[in-house]
Amino acid sequence: MTILTTPRLRLEPLTDAHFEGLHALNLDPEVMRYITGKPDTPEDTQMMIDRVKARWAEWGYSWWAFIEIETGELIGAGCIQHMGRDRALPHEIGWRLRRDRWGRGLASEAAQEMARFAFEDLGAPELQAVCMPDNAPSAKVMLRLGMHSQGLGQWYDMEMAVYGMSRADWLALHPPGTPSA
1 MTILTTPRLR LEPLTDAHFE GLHALNLDPE VMRYITGKPD TPEDTQMMID
51 RVKARWAEWG YSWWAFIEIE TGELIGAGCI QHMGRDRALP HEIGWRLRRD
101 RWGRGLASEA AQEMARFAFE DLGAPELQAV CMPDNAPSAK VMLRLGMHSQ
151 GLGQWYDMEM AVYGMSRADW LALHPPGTPS A
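For the sequence shown, the positions run 1 to 181 when full-length UniProt numbering is used.
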């Protein structure tokens, strides 16, 4: 399983060892506002971890815990998976961050490294992301990453704003041999 690093974060494949930090993250109604609309129960968090562990085993990628290097704390989570959780569909990037770490560029930092992994390590031809149409902070991260709006679409039983970028878009912003962060 792949560990990714950025200047401030270590992205570790999500496991049972992350339950406490992940559940605290998923318990915050503001964090979950644009994800499920409600805080997770302990069972919800465990089901997420179980699903993620199975994807790591099957696909070799899924969700990472964002561990802040300075404190060693789990401060977020993010993924490379497939749209609609269907391997026949394009790769998807997503993230969530602890509220006390919002506005510090950490989601963008993690997203940049996860996108690098998708394009350079997995060879993904494209990468998409979705957010609720009124989730401006997440949309800003998508735009900062170099994604473009692709309109609205029905994903995860909700109408979502869809963003995307191609491998060519990524390479234009990050020519081979240049650091991604």
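For every residue, glycine included, the Cβ atom is placed at its ideal position computed from N, Cα and C.
Residue i versus residue j: straight-line alpha-carbon distance, rounded
| i | j | result |
| --- | --- | --- |
| P13 | C79 | 9 Å |
| L9 | G76 | 10 Å |
| A161 | P175 | 28 Å |
| R51 | D86 | 13 Å |
| M132 | R99 | 18 Å |
| Y61 | K140 | 25 Å |
| G146 | L152 | 18 Å |
| I3 | E159 | 32 Å |
| L89 | Y156 | 14 Å |
| A168 | Q112 | 15 Å |
| T71 | Q150 | 37 Å |
| L173 | R144 | 11 Å |
| I69 | P125 | 31 Å |
| R101 | N135 | 17 Å |
| P7 | F19 | 24 Å |
| residue 214 | M32 | There is no way to answer for residue 214, as the model of the chain reaches only from 1 to 181. |
| residue 214 | P29 | Within the shown structure, residues of the chain are numbered from 1 to 181, placing residue 214 beyond reach of any answer. |
Buried versus exposed, by CB contacts within 10 Å (16 or more), residue i
| i | result |
| --- | --- |
| Q154 | exposed |
| S138 | buried |
| G164 | buried |
| H148 | exposed |
| W59 | exposed |
| L171 | exposed |
| M142 | buried |
| I49 | buried |
| A17 | exposed |
Per DSSP, cross-strand counterpart(s) of residue i
| i | result |
| --- | --- |
| Y163 | A129 and S149 |
| M83 | Paired residue(s): none; M83 is not in a bridge. |
| W95 | G78 |
| A65 | E12 and A77 |
| L4 | L11 |
| Q46 | Paired residues: none, contrary to the question. |
| M158 | W155 |
Beta-carbon proximity of residue i to residue j, cut-off 8 Å
| i | j | result |
| --- | --- | --- |
| F119 | L127 | yes |
| G39 | L27 | Checking the displayed sequence, the identity of residue 39 turns out to be Pro instead of Gly. In this structure, L27 lies closer than 8 Å to P39 by Cβ. |
| L22 | T41 | no |
| M1 | W56 | yes |
| I35 | R104 | no |
| H82 | L122 | no |
For residue j and residue i, believed in contact at Cβ under 8 Å, the rounded distance
| i | j | result |
| --- | --- | --- |
| I93 | A107 | With 8 Å as the limit, I93 and A107 do not qualify as a contact, their Cβ atoms being about 11 Å apart. |
| K53 | T15 | 7 Å |
| A129 | F66 | Not quite, the Cβ-Cβ distance comes to about 16 Å (not below 8 Å), so this is no contact. |
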